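Undergrad: Mapping the sequence shown onto the working numbering, position 13 (from 1) lands on 16, and the numbers just tick up by one.
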Amino acid sequence: MDNQKFRIKFELTDEFGNDYVNESRVDVCYECGDRELDVIGEQLNVFLKQCGYVRKNDFIFMEDITEEEYEALAVYLDELRSGKESDADE
């Protein structure tokens, strides 16, 4: 089976009692290089925007990493983003 249809559902009730629900049926095309985790991450990003959680950088990193790798990546991203801001000021 080259493609598989996934059903993905997210639900959220915020602190004000607002309910948000998103259910999608999406194809995962393995021949195209799609991975289930990437498709879930894409749908999660869409859901968060629909709930009002719009972020400047709206891509959630969906890789399997250790806690130590996460901490190192967080430091690197902070340095990278700080450098971009400094370059933009010049």
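Think of the CB as a built atom: it goes at the ideal place given N, C-alpha and C, for glycine as much as any other residue.
Bear in mind that the values here come from a model prediction, so they are computed numbers and not experimental data.
(1) In the structure shown, what three-state DSSP assignment does residue 39 receive?
(2) With a cut-off of 8 Å on the beta carbons, I'd call residue 27 and residue 46 a contact; round off their distance for me.
(3) Do residue 40 and residue 65 have their C-beta atoms within less than 9 Å of each other?
(4) For residue 60, report the span of its beta strand (DSSP E) as first-last.
(5) Using the beta-carbon count (16 or more within 10 Å), is residue 4 buried or exposed?
(6) Within 10 Å of its beta-carbon, does residue 9 have 16 or more other beta-carbons around it, so buried, or fewer, so exposed?
TA: With the structure as the only source:
(1) In this structure, residue 39 counts as helix in the three-state DSSP scheme.
(2) Right, their Cβ atoms sit about 5 Å apart.
(3) Yes; because the gap between Cβ atoms is below 9 Å, this pair is in contact.
(4) No beta strand (DSSP E) holds residue 60; DSSP gives it neither H nor E.
(5) At residue 4 the pLDDT is 49, less than 50, meaning the model places this residue with poor confidence and gives no usable figure here.
(6) Exposed, because fewer than 16 other Cβ atoms sit within 10 Å of the Cβ of residue 9.
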